[in-house]
Structure formats: structure tokens, C-alpha cells
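Per the numbering used here, numbering of the sequence shown is gapless, rising by one per residue and ending at 1293. Glycine included, each C-beta is placed from N, C-alpha and C at the ideal position. Bear in mind the structure is a predicted one, so any value in this text is a computation, not a measurement. Here is the structure we will look at.
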Amino acid sequence: MIWVIHFIVVHILLLISINIKNKKFFIVSTFIYSLFTFGQRWMTGEDFPGYLLYYIIGFKGPEFGYFSLQDFFADRNLYFGLLIFLIYFITLFNNYKFISKTTANTTLLIYLYMFVELYFMQMSQIRQFIAVSFFINAYFYFYHKNMIKGVIYILISITFHFSVLLVIPLLFIKFKLSKKFVFYTLLTFVLLPLINIKFFINIIGIDMYSNYIESVYDTGLSIFHYFRYYLILSIAILFVYKLRGSITSKTDQMMIYGMLFYILFYGLSFNYAPVLRISYYFKIFEITFIVYYINNLYLNSYKFIKSLVIAVFLIFYLAIAYIDPYNITRYDFEPLKLYQDKSYMELRWEIEKFYYE
């Protein structure tokens, strides 16, 4: 039901925005709607009960940014949903902040954002995605020579999820790119799902991900991901092939590199799913790249390509709603309150119920 409601509400807000001819209305209203609806959720998101368990048993991990916040709320017996609301607010705010800085076509970008996988993933893997939201803004600042802000955002990101350390070196790859080089690089990415990345992880010795080898997480990706990967790759190849002008500005470089890194890690994850988590740091570029360049292509019909892009991502939305990999279907709205009014045993029972019902 939540999938239908979400679809309807977003389109109602879009229609109002179009009728009153106020693009800012759509941006602000979708932010408020998201915060109200998904900021006040309970037992929604695959990892939600796991974080609730951390909260009630006082588990402490190495990422002191998140666990210091957790301790602050838990020590005062504050409602766990307040912590979820705060984390979601920061994540959402950072994502909107990045989106607003990357393109003039913010309405289309926000519209796509409301239906892509990223929007729903951040309700499950809350620690990594608040880290991602800080990283993408750091990425922007590094490309636009605001190093102080970039470093601050990176440091904050690390305090929420150490996996960001793996992608920090990519911030310094800024070689000038040509359309020809990018085009042929993307063509080689067709072969990425065939590469056994586990072999290289073992050689390099990346403990953060080599520990997953031969565990329950050592799996490949589903057939849906093959379809999705090659469709996104095809769109990227088409856009680069039809791109007007050269890749010159800082934002051009940022978009192209972000898109390349995303598709690279996505492609390498097919034989070893944990690598997919690295691609999340660049996942937003699957839509920002498209929207940024959609008006700058040698194509006869802007409306046609725009409609095609929207149709593709709405199909992805339907697939996510059907598969529900992040456990959003069981969405439960619970208004914010100040204190935790459920006992330890009641919360443990809800956690058990979530996993075994």
C-alpha cells in the first residue's frame, strides 16, 4: 500500500507545482512529505530492527559519530524513533543539498530521486547512507576547490561508516577526460560482470570485504540486476555518444567520473555482492548524470528522451516495489514522542517478530 500512496502523493505534489508554476514548491513539499512519512516510521527497513537492538542493548561500534548519537538518546531513555528521524533528516537534507547544486533541472532530478532505489535503501542501511550523503557533498567540494569543506564532510562521513575510507582515494583522480576515452571505457564495462573480483580482493587484502568471502554474504546478484545494469550502462553509452561539446568544466568532470565509478563498482559486484556497497557512494550519479546532460545531447526530441528516462526509472520503481529488498512494504507510521514507552521485553519481541513472523 505504501508504494501506491507514495506514487500518488509525489505526482499530486508535482501537478500542484506545475499548476502554480512554482518549481520550488515541488522541492520543498517532497522534502517535507518524505520527512513526515518516512522520518516517522517504525519497523520499516530491513536493518531497522538491528539498529533498534543495538539501541536497547547498548552495543558500541567503532564509528563514534553514529554510536555517540545512539548513546546520547539511549542514556536519556529517549524514543528510538527520534534517532531515526534525526539520521533520516540529515541524510535527506544532504542529498537535497547535493542535488540542488548539480543541475538547473532540479525538479526532474528530485522527481527521479523519489522513485529510485537509493531513496528506499537509505531507510534500511541508515549508517552507510548518512555517510554516503556526507561523502557526495565532499565529492562536490573537492571538485570545486573548496578543500576545507570537503575534508570536514569526509571526516564526518568516516564517523558514521568506515567503508568510506575505500573511496576517498577516488577523490584525487581528476585527469582530463575526452568523450572518446569515456565512450570506449563504457564499452569495456560490458565485460565487468564476468570478472571474479574475489581473486583481487584476496590479493590486495581488503579486510573490510575479504572477510565476507565464503560467508552467507558471498553471493552473486540476481537476474534483475543484470537487466538493470545493462540498461543503465546503455543509457550512459548513448548519452556520452550523443553529447554536445567536450568535457571541460569541473561539474562535467565530476559527473563523468561519478558515473564511471558507479558503473565500475556495480559491474564488479555481480560475482561478489558485498562490492555493491562500495558503489552506493556513487549511486546518486545514475540519475544526476542523466539529468545534467539530458538537455545537451544531439537528439531530435528532448521530450522523447525525457519520457523514456522517466519510464525506465518508473519500471525500476515497480520492480523494487514487487521485490521489496529493503522491507518497505511493511511500513508502519508512528508519530514522534519524547520518551521510549515500551519495555525492553516488548521491543525484543517486536524485533523477533520482524525477523521470524
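- In this structure Ile1241 touches Leu1235 by the C-beta definition: roughly 5 angstroms separates them, less than 8 angstroms.
- Between Ala1255 and Phe1160, the C-beta spacing is below 8 angstroms.
- When beta bridges are read from the DSSP output, Phe1269 appears opposite Arg977.
- Annotation: the segment 1152–1179 contains no complete segment of the beta strand (DSSP E) (minimum length 3 residues).
- The segment 980–992 makes no contact with the segment 950–967; the number of CB pairs closer than 8 angstroms stays below 3.
- The shortest C-alpha to C-alpha distance from Leu1019 to any of Tyr1032, Tyr1002, Phe1034 is the one to Tyr1002.
- Shown here, Tyr1275 sits in a strand according to DSSP, grouped into three states.
- When the beta-carbon positions are compared, Met1050 and Val964 stay at least 8 angstroms from each other.
- With a 10 Å radius around the Cβ and a threshold of 16 neighbouring Cβ atoms, Leu1127 comes out exposed.
- Its Cα nearest to that of Tyr1198, the residue Ile1168 stands out among Leu1179, Ile1168, Tyr1177, Ser1185.
- With a contact defined as Cβ atoms closer than 8 angstroms, Leu1028 and Leu971 qualify at about 6 angstroms.
- The C-alpha of Val1052 lies about 24 angstroms from the C-alpha of Leu1102.
- With 16 or more neighbouring CB atoms inside 10 Å of its own CB, Met1057 falls in the buried class.
- Following the DSSP letters along the chain, one finds Glu1282 inside the alpha helix (DSSP H) bounded by residues 1280–1292.
- With a threshold of 16 other beta carbon atoms within 10 Å, Arg1213 meets it and is buried.
- Judged by their CB atoms, Thr980 and Arg1266 are nearer to each other than the 8 angstroms cut-off.
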